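In this note's numbering, the protein residues as written are 262 to 457. Notes follow once the structure below has been shown.
Below, the structure written as structure tokens:
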């Protein structure tokens, strides 16, 4: 019996925040961090509270966002919950909900870090191939992600039909909120592109 501690398998690149990414990039070039990178880091710091608020908005509503997206997808394709459908039996529906929550979790990580590498490396790498191997219709998965994107952006910009789920994100400039919501939307677009 081997009692030595085992290192966890951390395949792929480590998750980097904006500062680490700037250092790694500059080091790879063999040059100091340039003024454009410093300006980008200044902006990252200025938006830090908005990033935290936006991430909190996602994490506080992750189950609701995922459930609404799967329910919306099923409402558009009612045969999915019938025998032989891709959300039948209930364990398949539970898998859809779980996948939605996992995607939201990685999008929140990317948003907080200001860097999509964790989303690309830990979530999207091989996702389309996995769905194809399991017989998951990618068009339905794309539709669920589109619904999650709309709901998330609506929560961040408080345009979600009057349901105020989180107050903190819009306590400052509306332009900053829209920028961060647009960044979050771009991460959803990455997921959609990866599985399309």
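Ideal placement from N, C-alpha and C gives every residue a C-beta, glycine not left out. Small disclaimer: the values here were computed from a predicted structure and weren't measured.
- Residue 390 and residue 438 have their C-alpha atoms roughly 35 Å apart.
- Shown here for residue 448: same chain residues with a beta carbon closer than 7 Å to its own, the five before and five after excluded, namely 368, 371, 372, 377, 380 in chain order.
- Straight across, the Cα-Cα distance linking residue 407 with residue 417 is about 15 Å.
- Judged by beta-carbon spacing, residue 399 lies within the 8 Å limit of residue 457, meaning their Cβ atoms are closer than that value.
- Following the DSSP letters along the chain, one finds residue 356 inside the alpha helix (DSSP H) bounded by residues 351-374.
- Residue 345 holds the alpha-carbon nearest to the alpha-carbon of residue 397 among 326, 345, 383, 413.
- If you check the CB distance, residue 404 and residue 337 come in under 8 Å.
- Residue 322 sits in coil when the DSSP states are folded into three classes, being neither helix nor strand.
- Straight through space, the alpha carbons of residue 375 and residue 303 are spaced by roughly 12 Å.
- Sequence-distant Cβ neighbours of residue 443 in its own chain, meaning closer than 6 Å and more than five residues away, do not exist here.
- Within the same chain, 374 come within 6 Å of residue 278 by CB-CB distance, once the 5 residues on both sides are set aside.
- With a 10 Å radius around the Cβ and a threshold of 16 neighbouring Cβ atoms, residue 351 comes out exposed.
- Per DSSP, the unbroken alpha helix (DSSP H) holding residue 282 starts and ends at 279-290.
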